[in-house]
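**Q** Residue numbers (our numbering): 112 to 662. Backbone N, C-alpha and C define an ideal beta-carbon position, used for all residues, glycine too.
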Amino acid sequence: MLSLLKIRNLALVERLDWELGGGLVGVTGETGAGKSVIVGALKLVLGERADKGMIRTGEETCQVEAVFDLPDPSAVNRVLAEMGLDPCEEGQLLVKRVVGSSSNRQFVNNSPATLSVLKAIGQNLVDLHGPHDHQSLLSVERQLLMLDAYAGAGTLGEAYRESWSEWRAKQARWEELHDAEEAGEQELELLRHQVQEIEGAEIDPAVEGELQERYKRASNSAKLVEVTGQAVGIVNDEGTGVMDRVRELQRLVGEIEKNDPAAREWTGGLETTVVELEDLGRELEHYLGEIDLDPAQAAALEERVDLLENLKQKYGPTLEEVVESGAKAAERLGTVENRGELLAQLAEEAEAARGAVVTAGAILSEKRRKAAPRLAKEIRKHLAELGFKQAAFEVNLHPLEAPSLGGLERVEFGFGPNPGEPLKPLRQIASSGEISRVMLSIKSALAKQDRTPLMVFDEIDANVGGEIARAVGEKMAVLGAKHQVVAITHFPQVAAMASQHFLVQKRVSKGRTLSSLQEVNGDERIEELMRMLGGESKEAKSMAKSLLRQK
């Protein structure tokens, strides 16, 4: 549930910390006192578009922060995981929205988030309904989900949608191949040549560097023999080589060290020099012996390098891209040469997948057909209790020509408030008073299946009479046993049913208008109900007490 709502500098509200409990929470106040600010704050948390005109005059930003306590955060955590955000800790979710004159920011559990994240989370947290806010109810897609929820067909629906997606993928593959132009003989010859040329080269990109080194060494072997031989002579030639001269130097330094031991501090490096020169001489002789002067080998290496360079010029700047081009050509060639056989195979797979869709859809349809009249009957019962004594309501199933993502039929709720008049789709109902009560009836019928933790009703009791308002309040109270329900209302009959009653008031302080919210209990609550009843008479007070006793 929503346990805390913090508002800063939003419209007439300078500072508000609202702590809510469970059940039905009533919010009342005079017209213009600021009740709509609460709905506006919740809409910001739900990711709706922000208007900088919402910022309190004289301030740079406004801020809304909501804390939700979630006994089962799994649905929200799935959304957070998909969006790359950390899951809720200890079942608590913090959503924060900051609206500025030039930029807006939003956070989920103190991590920056996008509006799409807030909207995705909000769909799992809050169901908001106002006098004209029923788009989700009017959507036939939403009505289909409602029927499936009532029928307990959630798992069947998921299985069907998986089968449908698999079928559409296979069908799309068949259509892609079927609609593609058939390859001409010239393309076939080109593909065969490309595959043969690249595969015949037996390319291994991993050894390309070693091949280049071998080729460079082989192509310069004569020069290497000449300069390496000269280097060996300089180091090792007897009498004139560097090694003989260094050994003579080593003997002289030894004489110095015998006569002046202190000289060892600066002569010690000579020993290392002698060792390194000896190592260098041996390595040069070994290297000279390994240089290959075989012209045939050099020619073979040159031919291989030329081949690879030619392939890179034709198919890509790297050998990896040459190999990839060969693989694509081979795949295309296989598709072209076996087009008829592959089309037949894909058609067979698509048909089998469609059969699985029809089978899964038939099971789902049967579940829906059995549940539809039961759901309609239960909604009619709630409608009657809300003043539509003789209203008609049906859950209609219309078969489709082809399977859709939603199933083998579309679902549409039909409503007829007046006897003798034909039923019309809900989207054609113009009266906000009627649609509000229909919505409440549907919500009441689906109370057990609806997993949305918070329901907010913003003056949906507008345009109804006192007795009907009482029935609306009772319905909301019943919903409050399964959900947290916030009802913003002008009717004392509804407010009296609330387990918590909050009063929004407007006052002037230091020349500025401020809205505040406080919980009312005892005599304060009776006084607010009396105001809503329209007077301060004994009759009004008696009526207020009576309403409270009836809850």
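#1: Is there at least one non-hydrogen atom of the ligand GTP closer than 7 Å to the beta-carbon of Leu419?
#2: State yes or no: is the C-beta of Arg279 within less than 8 Å of the C-beta of Leu457?
#3: At 3 residues or longer, and completely inside the stretch 566-613: list those beta strand (DSSP E) runs for me, N to C.
#4: Could you give the first and the last residue of the continuous alpha helix (DSSP H) run that contains Ile118?
#5: Between which two residues does the alpha helix (DSSP H) holding Leu430 run?
#6: With distances taken from CA atoms, which of Trp129, Leu113, Ile118 and Leu115 is nearest Leu614?
#7: Mapping DSSP to helix, strand and coil, what is Glu130?
#8: Applying the 10 Å Cβ sphere with the 16-neighbour rule, what's the burial state of Val338?
#9: Could you check what DSSP says for Asp355 in three-state terms: helix, strand or coil?
#10: Taking buried to mean at least 16 other C-beta atoms within 10 Å of its own C-beta, is Ile579 buried or exposed?
#11: Taking the beta carbon of His493 as the centre, do at least 16 other beta carbons fall within 10 Å, making it buried, or is it exposed?
#12: Roughly how many angstroms separate the alpha carbons of Leu419 and Gly451, rounded to a whole number?
#13: Tell me whether the stretch 248-266 and the stretch 477-492 touch, counting them as touching only if at least three CB pairs, one residue from each stretch, are closer than 8 Å.
#14: Alpha helix (DSSP H) containing Gln203: first to last residue?
#15: What residue range is occupied by the uninterrupted beta strand (DSSP E) comprising Asp348?
#16: Hey, which unbroken runs of the beta strand (DSSP E) at 3 residues or more fall wholly within the stretch 469-493?
#17: Please work out which residues of its chain come closer than 6 Å, Cβ to Cβ, to Ala441, disregarding the five sequence neighbours upstream and downstream, and give them in chain order.
#18: What does the Cβ neighbour count give for Lys554, buried or exposed, with the cut at 16 atoms within 10 Å?
#19: Please determine, among Val156, Val605, Thr351 and Gly527, the residue with the shortest C-alpha to C-alpha distance to Ala655.
#20: Would DSSP call Ala283 helix, strand or coil?
#21: Please name the residue, chosen from Arg375, Ile118 and Gly645, that lies closest to Lys207 on a Cα-to-Cα basis.
#22: Taking the beta strand (DSSP E) that Ala651 falls in, what are its first and last residues?
#23: Report the rounded CA-to-CA distance for Val318 versus Thr429, giving the unit in angstroms.
#24: Residue range of the alpha helix (DSSP H) that Ser227 falls in?
#25: Please determine, among Asn235, Gly158, Gln203 and Arg272, the residue with the shortest C-alpha to C-alpha distance to Arg216.
#26: Can you tell me where the alpha helix (DSSP H) with Asp180 in it begins and where it stops?
#27: Could you tell me the alpha carbon to alpha carbon distance between Asp315 and Glu273, rounded to whole angstroms?
#28: Should Asp183 and Leu191 be called a contact, given that it needs their Cβ atoms to be closer than 8 Å?
#29: If I follow the unbroken alpha helix (DSSP H) through Arg160, where does it start and stop?
#30: Distance, Cα to Cα, Leu249 vs Glu638?
#31: Looking only at its chain, what residues have a beta carbon closer than 6 Å to the beta carbon of Glu389, apart from the 5 residues adjacent to it on each side?
#32: Rounded C-beta distance between His240 and Phe568? I'm assuming under 8 Å.
#33: If you compare alpha carbons, which of Glu366, Gln361 and Ala374 is closest to Leu383?
#34: So, using beta-carbon positions, are Gln719 and Val209 closer together than 8 Å?
#35: Is it true that the CB of Leu113 sits closer than 8 Å to the CB of Ala588?
#36: Where does Val531 land, buried or exposed, given buried means 16+ other C-beta within 10 angstroms?
**A** Reading off the structure:
#1: Ligands are entirely absent from the displayed structure, and the ligand GTP is therefore not among its contents.
#2: Here the question's residue 279 lines up with position 168 in the sequence shown. Here the question's residue 457 lines up with position 346 in the sequence shown. In this structure, Leu457 does not lie closer than 8 Å to Arg279 by Cβ.
#3: 595-599
#4: As a working note, residue 118 is residue 7 in the sequence shown. Per DSSP, Ile118 belongs to no alpha helix (DSSP H); it is in the beta strand (DSSP E), Leu113 to Leu121.
#5: Position 319 of the sequence shown, counting from 1, holds the residue named residue 430. Leu430 to Glu448 is the span of the alpha helix (DSSP H), which, as asked, contains Leu430.
#6: Locating residue 614 in the sequence shown gives position 503, where the first residue counts as 1. Closest option to Leu614, Cα to Cα, is Trp129.
#7: Start at 1 with the first residue of the sequence shown, and residue 130 comes out as number 19. DSSP places Glu130 in strand when its eight states are reduced to three.
#8: The count along the sequence shown starts at 1 and reaches residue 338 at position 227. Looking at its Cβ environment, which holds fewer than 16 other Cβ atoms inside 10 Å, Val338 is exposed.
#9: In the sequence shown, residue 355 corresponds to position 244, counting from 1. In this structure, Asp355 counts as helix in the three-state DSSP scheme.
#10: Here residue 579 refers to the residue found at position 468 when the sequence shown is read from its first residue. Label assigned to Ile579: buried.
#11: As a position in the sequence shown, residue 493 is number 382, starting the count at 1. His493 is buried by the Cβ-count criterion.
#12: Taking the sequence shown and counting its residues from 1, one reaches residue 419 at position 308. Taking the sequence shown and counting its residues from 1, one reaches residue 451 at position 340. When rounded, the distance between both Cα atoms is 36 Å.
#13: yes
#14: Walking along the sequence shown from the start, residue 203 turns up at place 92. Not the alpha helix (DSSP H): Gln203 falls in the beta strand (DSSP E), residues Gln203 to Gly211.
#15: As a working note, residue 348 is residue 237 in the sequence shown. Segment: none, Asp348 is in no beta strand (DSSP E) and carries neither H nor E.
#16: none
#17: Walking along the sequence shown from the start, residue 441 turns up at place 330. Excluding sequence neighbours, Ala441 sits near Val306.
#18: Within the sequence shown, numbered from 1, the residue matching residue 554 stands at position 443. Under this definition Lys554 is a buried residue.
#19: Counting from 1 along the sequence shown, the entry for residue 655 is found at position 544. It is Val605.
#20: The residue you call residue 283 lines up with position 172 of the sequence shown. Residue state, collapsed to three classes: helix.
#21: Here the question's residue 207 lines up with position 96 in the sequence shown. It is Ile118.
#22: Position 540 of the sequence shown, counting from 1, holds the residue named residue 651. Premise fails: Ala651 lies in the alpha helix (DSSP H), Lys649 to Gln661, not in any beta strand (DSSP E).
#23: Counted from its first residue, the sequence shown places residue 318 at position 207. Counted from its first residue, the sequence shown places residue 429 at position 318. Each residue's Cα considered, the two are about 13 Å apart.
#24: By one-based count along the sequence shown, residue 227 stands at place 116. Residues Leu226 to Leu236.
#25: Reading the sequence shown from its first residue, position 105 is the one you call residue 216. With distances taken between Cα atoms, Arg216 lies closest to Gly158.
#26: As a first step, residue 180 is located in the sequence shown; it is residue number 69 there, counting from the start. Not the alpha helix (DSSP H): Asp180 falls in the beta strand (DSSP E), residues Thr172 to Asp180.
#27: Reading the sequence shown from its first residue, position 204 is the one you call residue 315. Reading the sequence shown from its first residue, position 162 is the one you call residue 273. If you take the alpha carbons of Asp315 and Glu273, they lie about 41 Å apart.
#28: Counting from 1 along the sequence shown, the entry for residue 183 is found at position 72. Counting from 1 along the sequence shown, the entry for residue 191 is found at position 80. Their beta carbons are not under 8 Å apart, which means Asp183 does not touch Leu191 by this criterion.
#29: Mapped onto the sequence shown, residue 160 falls at position 49. It is not in any alpha helix (DSSP H) - Arg160 carries neither H nor E in the DSSP assignment.
#30: As a working note, residue 249 is residue 138 in the sequence shown. As a working note, residue 638 is residue 527 in the sequence shown. When rounded, the distance between both Cα atoms is 39 Å.
#31: Reading the sequence shown from its first residue, position 278 is the one you call residue 389. So the list is empty, once near-sequence residues are dropped.
#32: Here residue 240 refers to the residue found at position 129 of the sequence shown. Here residue 568 refers to the residue found at position 457 of the sequence shown. Confirmed, about 5 Å.
#33: Here residue 383 corresponds to residue number 272 of the sequence shown, with the count starting at 1. Contrary to the premise, residue 383 reads as Thr rather than Leu in this sequence. Ranking Glu366, Gln361 and Ala374 by Cα distance to Thr383 puts Gln361 first.
#34: Here the chain comprises residues numbered 112 to 662, so residue 719 is not present and cannot be evaluated.
#35: Locating residue 588 in the sequence shown gives position 477, counting from the first residue. Locating residue 113 in the sequence shown gives position 2, counting from the first residue. Not a contact, by the Cβ cut-off of 8 Å.
#36: Counted from its first residue, the sequence shown places residue 531 at position 420. Here the sequence assigns Gly to residue 531, which means Val is not the residue at that position. Looking at its Cβ environment, which holds fewer than 16 other Cβ atoms inside 10 Å, Gly531 is exposed.
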